[in-house]
Amino acid sequence: MGATLIKGGSFTDSRGTLQFFNEKNPGHYRRFYIVNHPDTKIIRAWQGHLVEEKGFYVISGSFTIGVVCPQNFLNPTDNEEVSYFELKEGGGEFLRVPGGCYTGIKAGTKNASLLVLSGLDVEGSKNDDYRQPVNKWVNWEQFPGQ
8 MGATLIKGGS
18 FTDSRGTLQF
28 FNEKNPGHYR
38 RFYIVNHPDT
48 KIIRAWQGHL
58 VEEKGFYVIS
68 GSFTIGVVCP
78 QNFLNPTDNE
88 EVSYFELKEG
98 GGEFLRVPGG
108 CYTGIKAGTK
118 NASLLVLSGL
128 DVEGSKNDDY
138 RQPVNKWVNW
148 EQFPGQ
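Here you go:
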């Protein structure tokens with residue numbers, strides 16, 4: 008199973024706007040953190056988790072998130088298929104990435120902020136952390152939008 012893009016909704020009244028994701032199960036998370044990218048040159052790729060599920064929601068700016076879910080997670084090939092998700096502030100979308108996938112993250116705007124939800128505690132996540140070289144599946148230097 009690959010990544011799932013979940014559409015949210017919003018409700019606005021005199022008190023402001025409430026954004027929500029009530030229609031589908033957004034996942035099972037134990038903690039969250041916020042990643043801030045001061046510019047668009049920073050690349051966070053490729054980090055994978057065999058077990059841990061991740062969730063992504065853009066707080067400000069925009070991000071491109073590449074997702075690779077190889078058949079052989081521990082020994083992926085160099086030509087795995089990459090799915091791209093363009094998430095932006097106010098876009099009303101939440102990306103759910105199951106265990107067994109690698110993610111690559113690049114900000115599309117300066118000073119962008121990304122909320123990341125994690126399905127394991129910090130120690131569990133460290134023990135389930137797998138890395139691949141930054142340009143294994145994507146040449147981020149030639150990535151569209153550069």
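Taking our numbering, the leading residue of the sequence shown gets 8, the next gets one more, and so forth.
Built from N, CA and C at the ideal position, the CB exists for glycine as well.
All values reported here derive from a predicted model rather than from experimental measurement.
A Cβ-Cβ contact shorter than 9 Å links glycine 62 with leucine 124. Taking 8 Å as the upper bound for CB-CB distance, valine 75 and glutamate 93 are not in contact here, some 17 Å apart. Between threonine 71 and glycine 115 a beta carbon distance of about 6 Å is seen, short of the 8 Å cut, so the two are scored as contacting. Per DSSP, the unbroken alpha helix (DSSP H) holding valine 129 starts and ends at 129-133. Per DSSP, the continuous beta strand (DSSP E) segment holding histidine 56 begins and ends at 50-56. Separation of serine 120 and aspartate 20 (C-alpha to C-alpha, rounded to the nearest whole angstrom) is 26 Å. By the beta-carbon neighbour count (other beta carbons within 10 angstroms, threshold 16), glycine 16 is exposed. When secondary structure is reduced to three states using DSSP, glutamate 148 falls in the helix class. Alanine 10 carries a coil assignment under DSSP once its states are collapsed to helix, strand and coil.
Scanning the segment 83-146 for uninterrupted alpha helix (DSSP H) segments of 4 residues or longer gives 129-133, listed from N- to C-terminal end. The closest CA to that of phenylalanine 101, considering only Leu122, Trp144, Asp46, is found on Leu122.
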